[in-house]
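Our numbering applies: residue 13 is where the sequence shown begins, and numbers increase by one. Here a beta-carbon is modelled for each residue, glycine too, at the ideal position from N, C-alpha and C. Below is one structure, written out as structure tokens; the observations come after it.
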Amino acid sequence: MYTTKKLKYNKTPELDTLAHESGRVYSKVVSLLWKVKRKKGFWLSQGAVQKYMRLRGHNLHSQTVQAIIQSYFDSLKSYFRAVKSNPDAKPPTRTPHFYKVRWIQNGITFKGGVIRLSNGKGNAPITLRSDVKPAYVEMYFQRGSYYFSLVYKVHSPPKHETGKAVAIDMGEIHPIVSHDGEQTIIYNGRALRAIKQYINKFKAYIQSKMDRCIKRSKHWYR
């Protein structure tokens with residue numbers, strides 16, 4: 013079981029460089045696979061691509077490069093599944109200028125409440141504050157800012173067997189009605205439904221305003 017914590021950072025040349033380097037690696041993976049496919053008629057394996065990319069210099073941690081390669085092959089596997097039922101499905105060919113950056117395992121060090129994200133030999137690491145070492149960290153760009161998603165592994169609470177069975181009926185007005193043979197507990201959800209209706213109404217209002225603006229313009233983001 014995992015939980016995620018997000019940290020927002022302003023756009024900086026350092027973070028831009030990382031995202032651009034990640035995009036360069038992803039684009040190289042795409043061009044390499046398609047070059048071999050066009051000339052030789054087969055798809056390179058993920059292992060072959062990883063061996064090839066190790067020989068090239070990248071300003072990223074080696075495991076970050078592996079994560080980028082894995083990301084493309086995940087998309088490629090989805091294409092192979094889709095093309096079985098849809099012959100018109102198109103494989104992933106986009107070569108982004110910027111791309112998300114992921115740090116895993118040895119690319120992450122934690123000491124004294126500080127996370128250091130390695131960017132390869134000779135490059136300064138990214139430092140973040142945290143109480144616990146995350147399982148992995150992912151950086152992405154959204155609406156003018158960079159976000160770091162810190163993913164933590166949490167342990168599920170142990171289940172206690174009491175020998176009793178409880179029946180639960182889910183509903184909207186009464187989200188939970190439980191009965192264990194002796195006692196019935198009813199949770200009223202009218203207030204929650206009112207909040208949900210307000211949220212949906214407000215979303216519709218915002219969407220109507222956005223529909224009048226040019227997509228991705230300053231007014232559209234506002």
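Requested in this report: Closer than 7 Å by C-beta to K47: which residues in its own chain qualify, once you throw out the five before and the five after it? Chain order, please.
Outcome: Translated into positions along the sequence shown, residue 47 becomes position 35. Correct list: empty, nothing qualifies.
Report task. Determine the DSSP secondary structure at K230, reduced to helix, strand or coil. Result -> Indexing the sequence shown from 1 puts residue 230 at position 218. K230: helix per DSSP, three-state reduction.
Query raised in the report: Which residue comes first and which comes last in the alpha helix (DSSP H) that contains Q75?
Result: Taking the sequence shown and counting its residues from 1, the one referred to as residue 75 is at position 63. Segment S74 to S97, the alpha helix (DSSP H) holding Q75.
Query raised in the report: Does DSSP put L30 in a helix, in a strand, or in coil?
Result: The count along the sequence shown starts at 1 and reaches residue 30 at position 18. L30 falls in the helix class under three-state DSSP.
Query raised in the report: For V42, which three-state DSSP category applies?
Result: One-based indexing of the sequence shown puts residue 42 at position 30. Helix at V42.
Query raised in the report: Pairing CB atoms from the segment 108-126 with CB atoms from the segment 137-150, are three or more of them under 8 Å?
Result: yes
Query raised in the report: For V166, which of helix, strand or coil comes out of DSSP?
Result: What you label residue 166 is simply residue 154 of the sequence shown in a count that begins at 1. Looking at V166 - three-state DSSP - the assignment turns out to be coil, as it is neither helix nor strand.
Query - Straight-line gap, Q219 to R205 (C-alpha atoms, nearest Å) - result: For this step, residue 219 is matched to residue 207 along the sequence shown. For this step, residue 205 is matched to residue 193 along the sequence shown. The straight-line gap from Cα to Cα measures roughly 21 Å.
Query raised in the report: Looking at the structure shown, is Q154 part of a helix, part of a strand, or coil, going by DSSP?
Result: Start at 1 with the first residue of the sequence shown, and residue 154 comes out as number 142. Reduced to three states, the DSSP call for Q154 is strand.
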